[in-house]
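Residue numbers (the working numbering): 519 to 690.
And the structure:
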């Protein structure tokens, strides 16, 4: 299965959706968010619960995602080195280019496989390495807990490493 996720950002990403036409439709499971669904895919859904997303990351042979932190973290935690197509400000896919910056930083650490031009997506999928199903899970850090809680719609269990709000206001 090729799992493609565009996350929950409000701006559509049609260039990635259109690039999926170069992939085997019977293998595609696509969470397309606010983008229109691809013309051909085994399964499409606008939004998934966090648990359903995790199940797709687990079941996938290949993961293709925008550069959303939650999507990238979820993929890497189950042994994937995801193919990442960052959203671009100049195309109206996001409010700024933080996804480009994140993709560059993670690519330097060989945590993700960036695709800068969507025409390169079929080649990147064909060259995708076997998943490391026994990837080390590492120590769960506060960021992991916070991202998981945010994606599930839960509130934080406690404030970690933050100053009280009163002190923040006083500094402004």
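A virtual CB, placed ideally from N, CA and C, is assigned to each residue, including glycine.
* Opposite residue 575 in the DSSP bridges: which residues? -> Beta-bridge pairing links residue 575 to no other residue.
* **CA nearest to the CA of residue 496, picked from 570, 569, 543** => Missing from the structure shown is residue 496; the chain here goes from 519 to 690 and no further.
* Below 8 Å on the Cβ atoms is my guess for residue 524 versus residue 551; work out the distance and round it to an integer in Å. => 4 Å
* Out of 589, 598, 584, state which residue places its alpha-carbon closest to the alpha-carbon of residue 607. => 584
* Asked: Mind checking whether the beta-carbon of residue 563 lies closer than 7 Å to any heavy atom of the ligand ADP?
  -> In terms of ligand content, the structure shown is empty, and the ligand ADP therefore cannot be addressed.
* Asked: How do the segment 592-605 and the segment 629-649 stand: do at least 3 beta-carbon pairs fall below 8 Å, yes or no?
  -> yes
* Use the C-beta contact count for residue 521: other C-beta atoms within 10 angstroms, 16 or more gives buried, fewer gives exposed. => buried
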